[in-house]
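Residue numbering for the sequence shown follows the UniProt record's numbering, beginning at 1 and increasing consecutively.
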Amino acid sequence: MELTAALITRTYAAIAPATIRTPMIRATRLSHMLGIDLYLKLENLQHTNAFKARGALAKLLTLDAGARKAGVIACSAGNHAQGVAYHATRLGIPSTIVMPEGTPFNKVQRTADLGAEVVIHGAGFDDSVQFTLDLAAQKGLTFIHPFDDPVVAAGQGTVALEMLEQVPDLDCIVVPVGGGGLIAGMAVAAKSVNPGISVIGAQAHLFDAAKAQIEGFAPHFAGATLAEGIAVRQPAPANIAVIRDHVARIDSASESEIESAVFDLLSHEKLVAEGAAGAGLAVIKANLAQFKGQKLGLVICGGNIDSRLLSTLILRGLMRDGRITRLVFEIDDRPGQLAMISRIIGDAGANVIEVIHQRMMQSVSLKKAELEIVIEARDQRHVDDITGLLRDAGLSVRTAQDL
Numbered sequence: 001m002e003l004t005a006a007l008i009t010r011t012y013a014a015i016a017p018a019t020i021r022t023p024m025i026r027a028t029r030l031s032h033m034l035g036i037d038l039y040l041k042l043e044n045l046q047h048t049n050a051f052k053a054r055g056a057l058a059k060l061l062t063l064d065a066g067a068r069k070a071g072v073i074a075c076s077a078g079n080h081a082q083g084v085a086y087h088a089t090r091l092g093i094p095s096t097i098v099m100p101e102g103t104p105f106n107k108v109q110r111t112a113d114l115g116a117e118v119v120i121h122g123a124g125f126d127d128s129v130q131f132t133l134d135l136a137a138q139k140g141l142t143f144i145h146p147f148d149d150p151v152v153a154a155g156q157g158t159v160a161l162e163m164l165e166q167v168p169d170l171d172c173i174v175v176p177v178g179g180g181g182l183i184a185g186m187a188v189a190a191k192s193v194n195p196g197i198s199v200i201g202a203q204a205h206l207f208d209a210a211k212a213q214i215e216g217f218a219p220h221f222a223g224a225t226l227a228e229g230i231a232v233r234q235p236a237p238a239n240i241a242v243i244r245d246h247v248a249r250i251d252s253a254s255e256s257e258i259e260s261a262v263f264d265l266l267s268h269e270k271l272v273a274e275g276a277a278g279a280g281l282a283v284i285k286a287n288l289a290q291f292k293g294q295k296l297g298l299v300i301c302g303g304n305i306d307s308r309l310l311s312t313l314i315l316r317g318l319m320r321d322g323r324i325t326r327l328v329f330e331i332d333d334r335p336g337q338l339a340m341i342s343r344i345i346g347d348a349g350a351n352v353i354e355v356i357h358q359r360m361m362q363s364v365s366l367k368k369a370e371l372e373i374v375i376e377a378r379d380q381r382h383v384d385d386i387t388g389l390l391r392d393a394g395l396s397v398r399t400a401q402d403l
């Protein structure tokens, strides 16, 4: 079967009754901050909080009675797993999900909670696929691939049909790229509605396999990425062929850019998004001049970020913005010093969050002490004002940037 506009249209009608028509909103704060006209397709509000539920449902609906009774199996780091588990359970189909070692705990638990049997195997998606195929053959299960299947890609491509129904005059759509199913389906769908629309892919620089294949260079596989949902070493050849014909280009983003973009979505638009969606915004931020005067659509493809990882990301973002800062003092070891410092900080409108008073440090003289104070401030300018006041009072203070 070939991925075509007609297949996507038929799939759209088939999955519509059990699919959330997710909102398409203008990102008011980000548009103002970045100087562009940005619209966000909130697939993080889809069933199981990711677009993958569309493709999973599309494939499940094609199974005959015998295949439904035998059950299905999938291999996924999380979002495809949850999509298959949710719709399979809803349709009364047994499901087995193979998840790589190191998959965030919340994704493993949610997949099991949705009714699937979870098997942990392999260091990553590509390491787990053959095991999954062997298990499927052994047990007579139907394998549902997360991206290398035209029906799955068609289900994922329905995102573009909805986007262009909701905002018909989009000039460009930015789509995160892993195995290529989402961008292939969306590109075919979008071009069928508006041949002049531009589709741009977004990848993590650490996993830029699709970009490497399109542009002919050696890919970077250099460790763990925040965008683990698109950390794929081998995109589907069929999807690469579609990308060559329908996608303007694929850009990549660094880990720091992706982290900053996820924080921006949370801080400015109050949206919880995972790293894959962050890669899309990061690519946009790196190419603002190109998007001036255009109406731009971005797929917020999922919101299943590990809560512990998210908490760390938030704290790091607050520190980058100067809203949380660590101040380090070398003070005389005598009464009243801490009270004086706290009074200066409080009078300046900042809040003390944590205090560490250390007398045992051998890096300071015997009659001195090292004091660390974590403060909450408005921004970096506020921090600079506070450190100025502290130094005017004769105190030796260093900030995190000085250390």
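Glycine is no exception: its CB is placed at the ideal position from the N, C-alpha and C atoms. Fair warning: this is a prediction, and the values are worked out from it, not measured in the lab.
Between the beta-carbon of HIS246 and that of ALA187 there is about 4 Å, and that keeps the pair under the 8 Å contact cut. Our two residues, ASP127 and PRO100, have alpha carbons roughly 8 Å apart in a direct line. In the DSSP assignment, ASN351 is bridged to GLU376. In this model, ALA238 and ALA184 are separated by some 9 Å (Cα to Cα). Inter-residue distance for GLY322 and VAL397 is about 16 Å (C-alpha atoms, whole angstroms).
Leaving aside the five residues that flank GLN294 on each side, the residues in its chain whose CB is nearer than 6 Å to its CB run, in chain order, ASP171, CYS172.
Linking ILE97 to ALA56 through their CA atoms gives a straight-line distance of about 12 Å.
LEU182 and SER267 have their C-alpha atoms roughly 26 Å apart. DSSP places ALA253 in the uninterrupted beta strand (DSSP E) bounded by 249-253. In the DSSP annotation of this structure, the continuous segment of the beta strand (DSSP E) that includes GLY297 starts and ends at 295-300. Under the three-state reduction of DSSP, HIS357 is assigned to strand.
Spatial neighbours of ASP251 in its own chain (CB-CB distance under 8 Å, excluding positions within 5 residues in sequence) are listed in chain order as ILE200, GLY201, ALA202, GLN203, LYS211, VAL283, ALA286, ASN287.
ASN304 has its alpha-carbon roughly 8 Å from the corresponding atom of ALA50. Following the DSSP letters along the chain, one finds GLU117 in no alpha helix (DSSP H) but inside the beta strand (DSSP E) bounded by residues 117-120. Exclusion of the five residues before and after VAL177 leaves ILE183, GLY201, ALA202, GLN203, ALA210, ILE230, ILE250 as the residues of its chain whose Cβ lies within less than 7 Å of its Cβ.
If one requires a minimum length of 4 residues, the alpha helix (DSSP H) runs lying completely within the segment 220-281 are 237-246, 255-269, in chain order. Secondary structure note for MET99: its beta strand (DSSP E) is the uninterrupted segment 95-99. Contact between the segment 87-97 and the segment 111-124 is present: three or more C-beta pairs spanning the two stretches fall below 8 Å. The segment 69-76 makes no contact with the segment 36-44: fewer than 3 CB pairs, one atom from each, lie closer than 8 Å. The residues LEU3, GLY181, ALA184, GLY185, in chain order, have a CB closer than 6 Å to that of ALA153 in the same chain once the five nearest residues on each side in sequence are set aside. Residue environment analysis places ASN79 among the buried positions, since at least 16 neighbouring C-beta atoms fall within 10 angstroms of its C-beta.
DSSP, reduced to helix, strand and coil, places ALA112 within a helical segment of the structure shown. Within a 10 Å sphere around the beta-carbon of THR312 sit fewer than 16 other beta-carbons, which makes this residue exposed. For PRO150, the uninterrupted alpha helix (DSSP H) segment begins and ends at 150-166.
Check the Cα spacing between ASP64 and each of ALA85, ILE15, THR142: the tightest is with THR142. By the 16-neighbour rule on beta-carbons within 10 angstroms, SER307 is exposed. DSSP, read as helix, strand or coil, puts MET24 in strand. Separation of PHE329 and GLU354 (C-alpha to C-alpha, rounded to the nearest whole angstrom) is 14 Å.
When the five nearest sequence neighbours on each side are left out, the beta carbons in the same chain lying within less than 7 Å of the beta carbon of ILE20 are those of LEU45, GLN46, HIS47, in order along the chain. ARG398: not part of any alpha helix (DSSP H); member of the beta strand (DSSP E) spanning 396-399, first to last residue.
Look at the segment 1-58 and you find these whole runs of alpha helix (DSSP H), each 4 residues long or longer: 5-15, 28-34. Inclusion of ALA189 and ILE15 in the CB contact set at 8 Å is not warranted, their separation being larger than that value. If you check the CB distance, THR158 and ARG10 do not come in under 8 Å.
For THR387, the closest of LEU310, GLY346, SER192 by C-alpha to C-alpha distance is GLY346. The Cβ atoms of VAL129 and GLY297 do not sit closer than 8 Å to each other. Closest option to ALA350, judged by alpha-carbon separation, among GLN358, ASP384, GLU370, LYS368: ASP384.
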